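A short write-up of the structure that comes next.
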Amino acid sequence: MTRFVSVSIVAAATLFGGIVAQAQKVEFWMGNGAASVNSFLQHKDKIDIISPTWYQFDEAGMVTGEPQPTVLKAAHDAHLTIIPLFALFNHEKIHTLIGDQKAQDEMNQAFVRECKENGYDGVNLDIEDVMWTDRDGLSALVKKTSDVLHREHLQVQIDVVPNAPGHAGETAFGKWIFQEWRGAFDLKALSESVDLICLMTYDQNTHWTMPGPVGGWVWTKQNLDYALKVVPKEKLSLGIAVYGYHWYTGDPGLNKAEKTPNPTAEYISEPNAIYLRDTYGGKTQWDEEEHTPWFYFNRDQMREWVFYTDKRAFMDRYDLAKQSGIQGVCSWVLGEEDPTIWAAIPTKR
1 MTRFVSVSIV AAATLFGGIV AQAQKVEFWM GNGAASVNSF LQHKDKIDII
51 SPTWYQFDEA GMVTGEPQPT VLKAAHDAHL TIIPLFALFN HEKIHTLIGD
101 QKAQDEMNQA FVRECKENGY DGVNLDIEDV MWTDRDGLSA LVKKTSDVLH
151 REHLQVQIDV VPNAPGHAGE TAFGKWIFQE WRGAFDLKAL SESVDLICLM
201 TYDQNTHWTM PGPVGGWVWT KQNLDYALKV VPKEKLSLGI AVYGYHWYTG
251 DPGLNKAEKT PNPTAEYISE PNAIYLRDTY GGKTQWDEEE HTPWFYFNRD
301 QMREWVFYTD KRAFMDRYDL AKQSGIQGVC SWVLGEEDPT IWAAIPTKR
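Letter 258 of the sequence shown, counting from 1, is numbered 258 in this note's numbering, and no numbers are missing.
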């Protein structure tokens, strides 16, 4: 997740008129900033699982972080499932941790400690920037963690980078993104260990790429179909980004001797995207193929592009998860969303 809280629709069967209907659970990741916390407090009755980004861990197995007291109390009072995110994004540190069983023991003991002391229901592992050569080692690490936590009756989720078609592409970018991001996740092996796989169907296009959807419809469906070949439906949650990216002409080296091209993109929330659109006279357009809103505007005689997620794009993906019969959806991140999505998400309590 990087930059990086999620909506997880967890499928639950209820009987109505003799017909089994699929109810959806919603999981959101959340940060510690005011916008994220306030969104949680306002909309917690629409959320089933909350995954706060309170923790990190390192190559020595040291886990650092602590709960935000207001959020923790509110989550417990609302009887939400609480599964905090524990993050490590560094391929060298991850490689070291994979090879150090003692460090893994320390890490797993800390996971159990934090869950027991704070009343968490489990852990959400956000392990990214992993080399494809550490694929088997990552699977073994996750299995060991899952075995330890399951003995304590705790859940384990893992966030995975979409990796269809399962091999590197033609371009240098395609090779790099597979080597260092996509290729490390053995979906079959991981699904045999964990309780839930959060398929992060974002970022398709970022500051590394040309302008385009954060998680386009075609790409999302390709990755969902690919995951479903090996992951049981009840263990799969579809990721939905609620943010976007803003592409613009960056600083070429003002006041520096050497000048270089610098096309730039920045992460942007839906409210800030709308602010830019309205300030500079952009006009929202809808990409029918990608189920994504976008617009452009001119500033200093240069064109700037914004792709983002609005209520329509969010609900298209929400409904895709429901129609696919998977466990749910997971969404990054509270506080960045189009506020109108909440009217469309059913109240849980």
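The beta carbon of each residue, even a glycine, is placed where N, CA and C say it ideally should be. The model shown is predicted, which means the values in this text are computed figures rather than measured ones.
| Item | Value |
| --- | --- |
| For M30, the nearest candidate out of I98, C330 and L149 (CA to CA) | C330 |
| Residue range of the unbroken alpha helix (DSSP H) whose run includes P271 | E270 to Y280 |
| Nonlocal neighbours in the same chain, by C-beta distance under 6 Å from W305, ignoring five residues either side | P211, W247 and Y296 |
| D251 versus N262 - alpha carbon distance | 6 Å |
| Secondary structure, beta strand (DSSP E): runs of 3+ residues fully inside the segment 45-101 | 49-52, 55-57, 63-65 and 85-89 |
| Bounding residues of the beta strand (DSSP E) (the contiguous stretch that carries G239) | L236 to A241 |
| Unbroken beta strand (DSSP E) run spanning D159, endpoints | Q155 to V160 |
| Exposure label - P84; buried when at least 16 CB within 10 Å | buried |
| Boundaries of the alpha helix (DSSP H) in which L141 is found, first to last residue | R135 to R151 |
| E59 and V112 closer than 8 Å at C-beta | no |
| Buried or exposed by the 16-neighbour rule on C-beta atoms within 10 Å, applied to P232 | exposed |
| Assumed close pair G61, A103 - CB separation to whole angstroms, cut-off 8 Å | 4 Å |
| Integer-rounded CB distance, given that D129 should sit under 8 Å from L154 | Incorrect: roughly 26 Å between the Cβ atoms, too far for contact. |
| V329, enclosing alpha helix (DSSP H) - first and last residue | Not the alpha helix (DSSP H): V329 falls in the beta strand (DSSP E), residues G328 to W332. |
| Opening and closing residue of the alpha helix (DSSP H) in which M37 lies | Sequence inspection shows Val at residue 37; the Met mentioned does not correspond to that position. Per DSSP, V37 belongs to the alpha helix (DSSP H) from A34 to H43. |
| DSSP state of R3 mapped onto helix, strand, coil | Because the pLDDT at R3 is just 45, under 50, the model does not fix this residue reliably, and the value given afterwards should be weighed accordingly. Reduced to three states, the DSSP call for R3 is coil. |
| Three-pair Cβ contact test at 8 Å for the segment 215-224 versus the segment 269-285 | no |
| V63 versus H95: straight-line alpha-carbon distance, rounded | 17 Å |
| Beta-carbon proximity list for K259, same chain, < 7 Å, skipping 5 on both sides | P252 and G253 |
| Where the beta strand (DSSP E) through L196 begins and ends | L196 to L199 |
| Touch test, the segment 39-53 against the segment 139-149, Cβ-Cβ under 8 Å, three pairs minimum | no |
| beta-carbon C198 near the ligand ATP non-hydrogen atom, thresh 7 Å | What this structure holds is no ligand at all, so the ligand ATP is not there to describe. |
| Beta-bridge partners of Y296, as assigned by DSSP | W305 |
| Among D316, E266, F178 and T53, nearest to W332 - alpha-carbon criterion | T53 |
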